[in-house]
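**Student:** Structure below; questions to follow.
There are 2 protein chains.
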Amino acid sequence: MTGIFGPLKSVGVLTTDKGLMEFFFKVKEPTEVLELLSGFGPSGEEKRPLEDALGRVLSRDLVAPENLPPFARSTVDGYAVRAKDTFGAGESLPALLEVCGEVLMGEAPMVEVSQGQAVKISTGGMIPKGADAVSMLEYCQLLDEQALEVSRAVSPLENVIQPGDDFRKGAVVLMKGQGLRTQDLGSLAGLGLGEVPVFKRPRVALISTGDEIVDITQRPGPGQVRDINRYTLGAFCRRNGAEPLYLGLCPDRFDPLKDMVQEGLARADTVWISGGSSVGTRDLTLGVLETLPGFELLVHGISISPGKPTIIGRAGPKPLVGLPGHVASAMVVAEVFLMPLLWRLSGHKQGTGPGQSVAEAVLNRNIESASGRVDYVRVRLFEAKEGLVADPVFGKSGLISTLVEADGLVAIEMNTEGLYKGQKVKVMRFNDGKGGLS
Amino acid sequence: MTGIFGPLKSVGVLTTDKGLMEFFFKVKEPTEVLELLSGFGPSGEEKRPLEDALGRVLSRDLVAPENLPPFARSTVDGYAVRAKDTFGAGESLPALLEVCGEVLMGEAPMVEVSQGQAVKISTGGMIPKGADAVSMLEYCQLLDEQALEVSRAVSPLENVIQPGDDFRKGAVVLMKGQGLRTQDLGSLAGLGLGEVPVFKRPRVALISTGDEIVDITQRPGPGQVRDINRYTLGAFCRRNGAEPLYLGLCPDRFDPLKDMVQEGLARADTVWISGGSSVGTRDLTLGVLETLPGFELLVHGISISPGKPTIIGRAGPKPLVGLPGHVASAMVVAEVFLMPLLWRLSGHKQGTGPGQSVAEAVLNRNIESASGRVDYVRVRLFEAKEGLVADPVFGKSGLISTLVEADGLVAIEMNTEGLYKGQKVKVMRFNDGKGGLS
Chain V
23 MTGIFGPLKS VGVLTTDKGL MEFFFKVKEP TEVLELLSGF GPSGEEKRPL EDALGRVLSR
83 DLVAPENLPP FARSTVDGYA VRAKDTFGAG ESLPALLEVC GEVLMGEAPM VEVSQGQAVK
143 ISTGGMIPKG ADAVSMLEYC QLLDEQALEV SRAVSPLENV IQPGDDFRKG AVVLMKGQGL
203 RTQDLGSLAG LGLGEVPVFK RPRVALISTG DEIVDITQRP GPGQVRDINR YTLGAFCRRN
263 GAEPLYLGLC PDRFDPLKDM VQEGLARADT VWISGGSSVG TRDLTLGVLE TLPGFELLVH
323 GISISPGKPT IIGRAGPKPL VGLPGHVASA MVVAEVFLMP LLWRLSGHKQ GTGPGQSVAE
383 AVLNRNIESA SGRVDYVRVR LFEAKEGLVA DPVFGKSGLI STLVEADGLV AIEMNTEGLY
443 KGQKVKVMRF NDGKGGLS
Chain Y
23 MTGIFGPLKS VGVLTTDKGL MEFFFKVKEP TEVLELLSGF GPSGEEKRPL EDALGRVLSR
83 DLVAPENLPP FARSTVDGYA VRAKDTFGAG ESLPALLEVC GEVLMGEAPM VEVSQGQAVK
143 ISTGGMIPKG ADAVSMLEYC QLLDEQALEV SRAVSPLENV IQPGDDFRKG AVVLMKGQGL
203 RTQDLGSLAG LGLGEVPVFK RPRVALISTG DEIVDITQRP GPGQVRDINR YTLGAFCRRN
263 GAEPLYLGLC PDRFDPLKDM VQEGLARADT VWISGGSSVG TRDLTLGVLE TLPGFELLVH
323 GISISPGKPT IIGRAGPKPL VGLPGHVASA MVVAEVFLMP LLWRLSGHKQ GTGPGQSVAE
383 AVLNRNIESA SGRVDYVRVR LFEAKEGLVA DPVFGKSGLI STLVEADGLV AIEMNTEGLY
443 KGQKVKVMRF NDGKGGLS
């Protein structure tokens, strides 16, 4: 397999026809990869209390078990009236009504409204029988304790919310595959649904490989570097609704890696192995994956830069991913491909995953690009008088500082030789860490 | 104070000149409110482990304690060489070098590279002494175990990351007030900074008032409704990096409300009281706040719709907020004003808070609006061939279903009578619940 990322002359190491076929057919374009990833789905469902359901994805349609609101309510402070009694009323000729009581909050009204009568009511109060509208306080003037002048006509149902105006009993309130937002939780609270059926959060087993990698608590010796991917990929999982399960550092050897991958498959819904930008470790990762029962290789290399040496396969319903060891490459692959994968594993309905927020911006200089691959260019964003401006961050792609300086990525598509200064581009923003994820 | 949200004729109930002055000066425009809110800040700092720092805000500048990377590394698989030895090399006239060893990952090279020599190296390997560049594997051909042909020249430092290329010792890596993103955590991991100084998360005491409100576990009787704001405001806090502290339901009575507000001030950094859209409860909330030692009223009413009857004050460094009871109004106020407030309390540096993501869209119909206030209109968003389209959600503003159907808010500014079909508008997106907040 060595030859896959090298020129054709290394193809010689592919010893079988099957290997050769794989060579030609497993290097995928980004759209093909996304299509393959859309075949994965959530692993199961569970019930969560409402307090704990923000961002979770519904595993069933939710139906209103009752009307919301359950009774007719006033939307203003004023007097509940029969609209007909106010018809024709105006500043110069107010309607004169008799005040026959008051609606107390949280109680059924004790009085009914008959012709010529009015009942005092507050915002949210229950409309008494007989009344069909509410005159706002500012158009009402008490002459004495009982006599009320109304200086503006109201139409039937004016300033009234009817039972079921929010949600009618039996109506679908929220649909399977929907991520729960603040207001969605509010509607469920209003309906008394204190527990909701949601898909299980995907659990992601993370393995960092590489003989040169040491834990961040250790002082690296010569030739050693600290384990960065554990933290970037762990945080990436959390901000996309998944639960990282860090299995540990793995040396570049077959048996320990195989043990860890098997542990990951047993304990998690997907296994991500980072490391292996060098030929030997790429081969090692693939070698281990290929010994798994029922393993199917889906992607061996993606025609992108950075991030080309990415491996994706499946063992039954569980995706396995081999990521480049370079943190910047791994992060680009994560943003572009693993985010949609996590949407699928979380149960978000097709095409409505959360996604990066995409901003339109004007490029402030030319960027060259090789055709035949999609280039993901890091850009800074800033506001200028011409609008949002995208300023490419240059620097070697292996440097994490280029990502720290960047606000997002711009894709230069396959058959494009570059982008021009002044061109409008779509920027996939890095919008994490900006809200506060707990 | 009753008159504040009514017409001038109710001003008669303001019995003092001071009251009258407040009437005229405390109803604020949105920009004034945002200006006032920018005066609040975080309550303190703490140290957090890196695994737990996503989205947290740095309370100090962080400086690189060492170079990253600590040594020169190869960015490719190939052979470490002296660039000079390859000058002039090409397909037709390759340079011939002697392979004198291999760099093992995670170890200091055992060999040096002298003139005419090459050392095998993998991506991430430590550049051996004497070498200043790496020839990529695909331009190298082994003739036998020692003789190597290099068919392309490399320039000095080609395919090499130098010590400190990512971060130089002593350089500021990340600045105070910055929210920590995935890649930021990665850079800190790389530098061995396993614990970071961050501002404390703001703790928000939530109180739901109203005699008509019952807990969602209860079946509401006639005239009663369930407590929605607890869930919407609680989730709102969490998705904006704050910790909600739910104090409970409070009847519309002075003493219990005062007790709860005092408890909130003792235990939290800010107190939010929801409820009180009706005149009586608004007065009650303000009455309680005014008895707090050192209380200063900042805002009594905002010239917006919905959400006008909002009260904001301070007790020392702690903001106190009285929100309308209508969940939809409360949510608009939260999105527009309390999100920036939470940025301040979280320590985000001025002007760089996380914010809603703002999308540009084309309005698909006319919307009327009263001038003299800012209207926040709920809109659905969908993609069409003309780009993103904003479709207003109509319906009474008190209905939570209008927010459930909406994807964001469009502001119709103060002195505008409306917006026109086909006009470009900025949409403050509701982007929560879409990523997965834990």
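Sequence order for the protein chains is V and Y. Residue 23 is where the first sequence starts when you use my numbering, and the numbers rise one by one after that. Residue 23 is where the second sequence starts when you use my numbering, and the numbers rise one by one after that. In this text, a Cβ means the ideal position worked out from N, Cα and C, and glycines have one as well.
For Met132/V, go through chain Y and note every residue whose CB falls closer than 8 angstroms to its CB, in chain order.
**Tutor:** Result: empty, since nearest Cβ-Cβ is about 11 angstroms, beyond 8 angstroms.
**Student:** Taking the beta strand (DSSP E) that Pro414/Y falls in, what are its first and last residues?
**Tutor:** Gly409 to Pro414 is the span of the beta strand (DSSP E), which, as asked, contains Pro414/Y.
**Student:** Between Val343/V, Leu119/V, Ala94/V and Ala290/V, which lies nearest to Ile149/V when the distance is taken from Cα to Cα?
**Tutor:** With distances taken between Cα atoms, Ile149/V lies closest to Ala94/V.
**Student:** If you run the structure through DSSP and keep just helix, strand and coil, what is Leu215/V?
**Tutor:** Reduced to three states, the DSSP call for Leu215/V is coil.
**Student:** Is it buried or exposed, Leu90/Y, if we count other Cβ atoms within 10 angstroms and call 16 or more buried?
**Tutor:** Result: buried.
**Student:** If you draw a straight line from the alpha carbon of Thr145/V to that of Asp233/Y, how long is it in whole angstroms?
**Tutor:** Near 12 angstroms, if we compare the C-alpha coordinates of Asp233/Y and Thr145/V.
**Student:** Which residue from Cys272/Y, Ala140/Y, Leu210/Y and Arg241/Y puts its Cα closest to that of Met158/Y?
**Tutor:** Among Cys272/Y, Ala140/Y, Leu210/Y and Arg241/Y, the Cα nearest to that of Met158/Y belongs to Ala140/Y.
**Student:** For Lys97/V, return the contacting residues in chain Y, with the cut-off set at a CB-CB distance below 7 angstroms.
**Tutor:** Residue identity check: residue 97/V is Thr in the sequence provided, not Lys. By Cβ distance, chain Y contributes Lys418 and Gly420.
**Student:** If you draw a straight line from the alpha carbon of Arg451/V to that of Asn181/Y, how long is it in whole angstroms?
**Tutor:** C-alpha separation (whole angstroms): 28 angstroms.
**Student:** Could you tell me whether the Cβ atoms of Val218/Y and Val156/Y are closer together than 8 angstroms?
**Tutor:** Cβ atoms of Val218/Y and Val156/Y: not closer than 8 angstroms.
**Student:** Scan the stretch 201–217 of chain Y for residues whose Cβ lies nearer than 9 angstroms to a Cβ of chain V and list them as they occur along the chain.
**Tutor:** Within the stretch 201–217 of chain Y, the qualifying residues are Gly201, Leu202, Arg203, Thr204, Gln205, Asp206, Leu207, Gly208, Ser209, Leu210, Ala211, Gly212, Leu213, Gly214, Leu215 and Gly216.
**Student:** In its own chain, which residues sit with a C-beta less than 7 angstroms from the C-beta of Leu269/Y, not counting the 5 before and 5 after it?
**Tutor:** Only Ala227, Leu228, Ile229, Met282, Glu285 and Gly286 meet the Cβ criterion.
**Student:** Anything in chain Y within Cβ reach of Met436/V, meaning under 9 angstroms, just list it in chain order.
**Tutor:** In chain order: nothing, as chain Y lies at least about 22 angstroms away.
**Student:** Of the choices Ala356/Y, Ser327/Y, Pro244/Y and Ile238/Y, whose alpha-carbon is the least far from that of Ile295/Y?
**Tutor:** Considering only alpha carbons, the answer is Ala356/Y.
**Student:** According to a CB-to-CB cut-off of less than 8 angstroms, which residues of the stretch 269–287 of chain V neighbour chain Y?
**Tutor:** Listed by position along the chain: Asp274.
**Student:** Flag this pair as touching only if the stretch 67–75 of chain V and the stretch 188–201 of chain V have three or more C-beta atom pairs under 8 angstroms; answer yes or no.
**Tutor:** The answer is no - the stretch 188–201 of chain V does not touch the stretch 67–75 of chain V, with fewer than three Cβ pairs under 8 angstroms.
**Student:** Here's the rule I'm using: 16 or more other beta-carbon atoms within 10 Å means buried, otherwise exposed. How should Ala392/V be labelled?
**Tutor:** Under this definition Ala392/V is an exposed residue.
**Student:** Using CA coordinates, which residue listed in Tyr253/V, Leu279/V, Lys280/V and Asp277/V is at the minimum distance from Leu267/V?
**Tutor:** Comparing Cα-Cα distances from Leu267/V to each of Tyr253/V, Leu279/V, Lys280/V and Asp277/V, the minimum goes to Tyr253/V.
**Student:** Given a threshold of 16 other Cβ atoms within 10 Å of its Cβ, counted over all protein chains shown, does Met132/Y qualify as buried or as exposed?
**Tutor:** Exposed: under 16 other Cβ atoms inside 10 Å.
**Student:** Let me check one thing: in DSSP terms, what residues is Val396/Y bridge-paired to?
**Tutor:** Bridge partners of Val396/Y: Ile326/Y.
**Student:** Where DSSP assigns a beta bridge to Cys272/V, which residues make up the other side?
**Tutor:** Bridge partners of Cys272/V: Thr231/V.
**Student:** Between the alpha carbons of Asn388/Y and Pro414/Y, how many angstroms are there, rounded?
**Tutor:** Spanning the two alpha carbons is a distance of roughly 9 angstroms.
**Student:** Mind checking Ala264/V: buried by the 16 CB within 10 Å criterion, or exposed?
**Tutor:** Counting Cβ neighbours within 10 Å, Ala264/V comes out buried, since at least 16 surround it.
**Student:** Judging by CA-CA distance, which residue of Leu320/V, Gly440/V, Ala428/V and Leu164/V is the nearest neighbour of Val411/V?
**Tutor:** Checked all of Leu320/V, Gly440/V, Ala428/V and Leu164/V; the closest Cα to Val411/V is Ala428/V.
**Student:** Beta strand (DSSP E) containing Leu59/V: first to last residue?
**Tutor:** Note, Leu59/V: premise wrong, no beta strand (DSSP E); alpha helix (DSSP H) at Pro52 to Leu59.
**Student:** Please name the residue in Pro315/V, Glu54/V and Leu363/V whose C-alpha comes closest to that of Pro341/V.
**Tutor:** Considering only alpha carbons, the answer is Leu363/V.
**Student:** Using the Cα positions of Lys222/Y and Gly208/Y, report the straight-line distance between them to the nearest angstrom.
**Tutor:** Roughly 21 angstroms between the two C-alpha positions.
**Student:** Give every residue of the same chain whose Cβ lies closer than 8 angstroms to the Cβ of Ala352/Y, excluding the five residues on either side of it in the sequence, and list them in chain order.
**Tutor:** Counting only Cβ-Cβ distances below 8 angstroms, and skipping sequence neighbours, we find Asn251, Thr254, Leu255, Ser296, Gly329, Leu345 and Pro346.
**Student:** Is the beta carbon of Thr231/V sitting closer than 8 angstroms to the one on Asp274/V?
**Tutor:** Going by C-beta atoms, Thr231/V is nearer than 8 angstroms to Asp274/V.
**Student:** Closer than 8 angstroms, CB to CB, is Met353/V near chain Y or not?
**Tutor:** Closer than 8 angstroms: yes.
**Student:** Give a yes or no on whether 8 angstroms exceeds the smallest Cβ distance from Leu72/V to chain Y.
**Tutor:** Leu72/V counts as touching chain Y.
**Student:** Ends of the alpha helix (DSSP H) at Ser423/V?
**Tutor:** It spans Ser423 to Glu427 - the alpha helix (DSSP H) in which Ser423/V sits, taken as one unbroken run.
**Student:** When you compare only the Cα positions, how much space is there between Pro178/Y and Thr292/V?
**Tutor:** Those two C-alpha atoms are separated by around 42 angstroms.
**Student:** Can you tell me the Cα-Cα spacing of Leu76/V and Glu134/V, whole angstroms?
**Tutor:** Looking at the two C-alpha atoms, the distance is approximately 43 angstroms.
**Student:** Within 8 angstroms of any Cβ in chain Y, is that where the Cβ of Asp187/V sits?
**Tutor:** Yes, its Cβ sits closer than 8 angstroms to a Cβ of chain Y.
**Student:** Check the Cβ of Pro128/V against every Cβ in chain Y and list those closer than 7 angstroms, keeping chain order.
**Tutor:** Checking the sequence, you will find Gly at residue 128/V rather than Pro. Per Cβ cutoff of 7 angstroms: Asp233, Glu234, Gly245 and Gln246.
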